[in-house]
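Q: Got a structure for you, written out below as structure tokens; questions coming shortly.
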Amino acid sequence: MERQLLTLSTQPTGDGYAGDQSLFAPAFVTSEAELEEMVDRYAAAVAEVDAQVRRELEGTEVAA
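Per our numbering, the very first residue in the sequence shown carries number 777; after that it's consecutive.
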């Protein structure tokens with residue numbers, strides 16, 4: 777919501793664990809520039825979450 781982008785995340789596919797998906801449903805009249813902005817916003821949000829998770833995991837032992 778902070779980036780003004782809504783997506784639908786699905787359950788894992790394939791083997792039941794790997795293959796999570798995020799679905800986008802832009803309007804049929806969406807311009808190329810709007811699609812690029814949507815992807816850029818999503819990529820920035822994923823990068824932010826990745827960085828936050830990495831910070832939280834620093835110093836914790838992860839089971840192999």
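Don't be surprised by glycine CBs; every beta carbon is placed ideally from N, CA and C.
1. Roughly how many angstroms separate the alpha carbons of A755 and E778, rounded to a whole number?
2. Below 7 angstroms between beta carbons: does that hold for F800 and T783?
3. Within the same chain, show all residues whose beta-carbon is closer than 8 angstroms to that of Q780, passing over the 5 residues directly before and after it, in chain order.
A: Quick answer:
1. Given that the chain is displayed from residue 777 to residue 840, the structure contains no residue 755 and the question cannot be resolved.
2. The Cβ atoms of F800 and T783 sit closer than 7 angstroms to each other.
3. R817, listed in sequence order.
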